[in-house]
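Convert by adding 3 to the 1-based position in the sequence shown; the result is the number in the working numbering.
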Amino acid sequence: MSEKIIIIGGGPAGYTAGIYAARGNLAPLVFEGFMAGGIPGGQLMTTGAVENFPGFEKGIDGQQLMATMRQQALNMGCRILTEDIEKIMLDKNPFEVLGAESGLYQSQTLVVATGAAAKRLPLPSERKLWGKGLSACAVCDGALPMFRNKPLAVIGGGDSAIEEALHLSHFGSKVYLIHRRDSFRASHIMRARAQEHPKIEILWNKTVEEFLGESAVSGLRLRDTVSGALTTLEVAGAFEAIGHRPNTALVKGQLELDEDGYVITKAGSTETSRHGVFAAGDVQDKKFRQAITSAASGCMAAIEAGRFLQETP
Ligand code: NAP
4 MSEKIIIIGG GPAGYTAGIY AARGNLAPLV FEGFMAGGIP GGQLMTTGAV
54 ENFPGFEKGI DGQQLMATMR QQALNMGCRI LTEDIEKIML DKNPFEVLGA
104 ESGLYQSQTL VVATGAAAKR LPLPSERKLW GKGLSACAVC DGALPMFRNK
154 PLAVIGGGDS AIEEALHLSH FGSKVYLIHR RDSFRASHIM RARAQEHPKI
204 EILWNKTVEE FLGESAVSGL RLRDTVSGAL TTLEVAGAFE AIGHRPNTAL
254 VKGQLELDED GYVITKAGST ETSRHGVFAA GDVQDKKFRQ AITSAASGCM
304 AAIEAGRFLQ ETP
């Protein structure tokens with residue numbers, strides 16, 4: 004039997020699409036993904052306090068926000084499967100979706116809300132030391148004993164990098180914020196927080212040449228992007244915060260993507276290049292990438308899928 008709507012993704016976009024689709028009597032099936040997006044539950048699972056999602060006057064923990072959205076989707080009547088999708092076949096009518104465990108599904112509409120994952124530096128030492136003092140998530144790993152009262156490093160100059168540095172300042176003796184340029188990409192308020200923090204030292208114009216250490220991170224080899232000079236910085240942990248890549252492997256070659264791999268949607272809409280397929284959240288948004296904009300586009304996708312079903316014989 005063909006589903007009316009399958010939603011792929013268990014972040015704010017996916018769950019919100021589920022809530023709206025359930026309330027629109029579309030009996031949605033949501034695949035919240037297991038590991039394909041980097042982490043089950045999306046990027047908010049690795050975020051600490053979320054202070055800018057309306058409705059929570061004192062802010063809310065990222066994991067708690069996701070758990071609440073998920074429960075709301077279930078309460079509204081969504082079916083949620085924790086399972087990665089292996090393949091989507093958009094040339095079929097109805098569309099076909101292959102679950103890694105439960106097999107083949109058919110659906111008249113699809114919402115792609117697969118999010119984005121953290122980028123990583125392409126260094127052999129990065130692969131070697133991954134999980135051994137090297138991470139892309141301070142909120143997940145920062146409290147580990149190996150980082151307590153030790154000097155730590157964060158790489159990047161955006162809001163995520165500063166957020167990671169602020170979080171790590173609770174655990175490390177000092178946090179070096181290493182940025183490849185001489186000005187931050189991050190917002191004003193975050194910049195000020197980093198610059199005024201007594202435990203954070205900003206190292207401008209530096210790139211990481213190598214992560215040092217055998218069984219665990221012991222330091223970084225840095226290159227000055229202006230003078231070219233190489234220096235060694237002793238740290239017990241390093242956290243990469245250099246941006247994100249959209250999770251579009253499932254739809255590559257089937258939907259139009261932009262030069263950075265994000266799904267192209269029509270202005271003011273979640274419509275993709277394929278009728279009946281809608282994209283919501285970070286997989287189609289490299290500009291805002293906020294929980295609230297993600298949720299909003301999930302709402303739009305469910306409403307547009309409902310209208311498509313009404314209009315398509
Ligand atoms: P981002 O804004 O894209 O910043 C990525 C940073 O990493 C940039 O400073 C970039 O340097 C640097 N970078 C990229 N590739 C690099 C490489 N190969 N080597 C060294 N450095 C590299 O990503 P983000 O910080 O994850 O933020 C993404 C979005 O989420 C933004 O819209 C942000 O505002 C939002 N966000 C908001 C909050 C908040 O409001 N609390 C928290 C986190 C994220 P350049 O600057 O030189 O390009």
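Positions of the beta carbon are idealized from the N, C-alpha and C atoms, including for glycine.
Since the model is a prediction, treat every value here as computed from it, not as a measurement.
- Separation of the CB atoms of E274 and T268 is rounded to 6 angstroms, and the pair is thereby assigned contact status at 8 angstroms.
- Around the beta-carbon of L107, fewer than 16 other beta-carbon atoms lie within 10 Å, marking it exposed.
- Applying a distance threshold of 5 angstroms between residue Cβ atoms and the heavy atoms of the ligand NAP selects G159, G160, G161, D162, S163, E166, R183, R184, R188, I245, G246 and R292, given in chain order.
- When rounded, the separation of the alpha-carbon atoms in E217 and L169 is 27 angstroms.
- Taking the Cα positions, W133 is about 26 angstroms away from I88.
- Taking a contact as a CB-CB distance under 8 angstroms, the pair A282 and G301 does not count as one, their CB atoms being some 10 angstroms apart.
- Excluding its 5 nearest sequence neighbours in each direction, Q257 has C-beta neighbours in its own chain below 6 angstroms: L93, listed in chain order.
- Per DSSP, reduced to three states, the secondary structure at V266 is strand.
- Of the candidates G58, Q75 and D64, the residue whose Cα lies closest to the Cα of L47 is D64.
- Runs of the beta strand (DSSP E) spanning 3 or more residues and lying entirely within the stretch 79-147 occur at 82-84, 88-92, 98-102, 106-115 and 119-121, in chain order.
- For the set E307, A270 and Q313, the Cα lying nearest the Cα of I10 is the one of E307.
- Ranked by how close their Cα comes to the Cα of A156, the residues G13, V220 and A52 have V220 in first place.
- The Cβ neighbour count for V229, taken over all protein chains shown within 10 Å, is under 16; the residue is labelled exposed.
- Where L215 is concerned, the enclosing beta strand (DSSP E) starts and stops at K209 to L215.
- In this structure, R184 sits near G160, with a CB-CB distance shorter than 9 angstroms.
- Boundaries cannot be given for I245, as no beta strand (DSSP E) includes it and DSSP labels it neither H nor E.
- Here the stretch 134-141 lies against the stretch 224-243, with 3 or more beta-carbon pairs under 8 angstroms apart.
- A Cβ-Cβ contact shorter than 9 angstroms links H182 with I205.
- Between the stretch 291-301 and the stretch 52-69 there are three or more C-beta pairs closer than 8 angstroms, enough to call the two in contact.
- According to the DSSP assignment, S221 belongs to no alpha helix (DSSP H), since it is labelled neither H nor E.
- Ranking K90, S105, Q109 and K61 by CA distance to the CA of N96 puts Q109 first.
- The alpha-carbon of R26 is positioned some 7 angstroms away from that of M79.
- CA-CA distance, S176 to E129, rounds to 23 angstroms.
- For T234, the enclosing beta strand (DSSP E) has its first and last residue at L233 to E237.
- Residue state for V229 is assigned as coil, using DSSP reduced to three classes.
- The alpha carbon of G231 has as its nearest neighbour, out of T71, G13, K90 and K209, the alpha carbon of K209.
- If the five residues before and after I165 are omitted, its C-beta is found closer than 6 angstroms to the C-beta atoms of A189, M193 and A197, all from its own chain and listed in chain order.
- By the Cβ neighbour-count rule, H173 is exposed, with fewer than 16 other Cβ atoms within 10 Å of its own.
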